[in-house]
Amino acid sequence: MEFKKVITTILLELDKHNIPYALIGAVAMRFWGVQRDTIDVDVLVKERDREKVIALIKSLGYDHVVSSKFADQFSHSLKNMGLIDFLYTRREKGIIESSRTFQSGSVDMQVALPEDIIGMKLDGIRNNPKREMKDWADIQSIVEIIGDDLDWEKIRHYCKITDMENAYEKILSFR
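Numbering-wise (my numbering), the sequence shown opens with residue 5 and increments by one.
The structure is reproduced here in structure tokens:
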């Protein structure tokens, strides 16, 4: 997949249609200096924008391949346009609003904060135990690279709201 082309195409369209978003997952981790291979682009958007997102992505030639309560996955017949996962949030204030702007070429991209990525990884571990090894490895990589610059109270808060308070000590041990 041509990540730069896909990301630029998708994010410019989201901006053009005034759809707030934040890059999440492995692509977002790269902006924070954490390298991990991935086969898709993960984007968080507001749940209220779900129908607009589906129509918009389909208009770009993507097929809607998987849908669940909290996510939609799209693939393109052109292999270089790859897979895109959209996850949805109901919160009016949260990850999208606290995201950081990074510039890539002439495109401004909203990228989730590392603490928010950790919070989403904790939620993933709680909801899908099959993801546990990969998500813990991602959390460890984020902490090892960013460590002291992380907002540790925010991470503690994520541990609490995901009912994983015992995970806080484990996350601290990665420092």
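Ideal Cβ placement from N, Cα and C applies to all residues, glycine included.
* Between the region 40–56 and the region 9–24, are three or more C-beta pairs nearer than 8 Å? -> yes
* Distance, Cα to Cα, D142 vs S79? -> 24 Å
* Asked: Which value, in whole angstroms, describes the spacing of the CA atoms of K9 and I159?
  -> 32 Å
* How should G151 be labelled, buried or exposed, when 16 other C-beta atoms within 10 angstroms of its C-beta is the threshold for buried? -> exposed
* Asked: Among W140, I149, A75, which residue has its Cα nearest to the Cα of E173?
  -> W140
* To do: To the nearest angstrom, report how far apart Y162 and Y25 are at their CA atoms.
  => 20 Å
* Asked: From this set, L154, K134, Q144, which residue's C-alpha is nearest S177's C-alpha?
  -> Q144
* Secondary structure at R94, three-state DSSP: helix, strand or coil? -> coil
* **Residue from I11, Q77, E169 with nearest C-alpha to N84** => I11
* Asked: How far does the beta strand (DSSP E) with Q77 in it reach, from first residue to last?
  -> 75–80
* To do: Would you be able to state if there are at least three C-beta pairs under 8 Å between the region 108–123 and the region 27–39?
  => yes
* With DSSP run on the structure shown, which of helix, strand or coil describes V47? -> strand
* To do: Report the residue ranges of all beta strand (DSSP E) runs contained in full by the region 8–46; include only those spanning at least 3 residues, in chain order.
  => 25–28
* Note down, in chain order, each residue of its chain lying with its Cβ closer than 6 Å to the Cβ of F106, except the 5 sequence neighbours on either side. => F35, M113, V115
* What is the residue span of the alpha helix (DSSP H) that M137 lies within? -> 136–150
* Do you know how far the Cα of F74 is from the Cα of V57? -> 13 Å
* Considering only the beta carbon of each residue, do R104 and E51 sit closer than 8 Å? -> no
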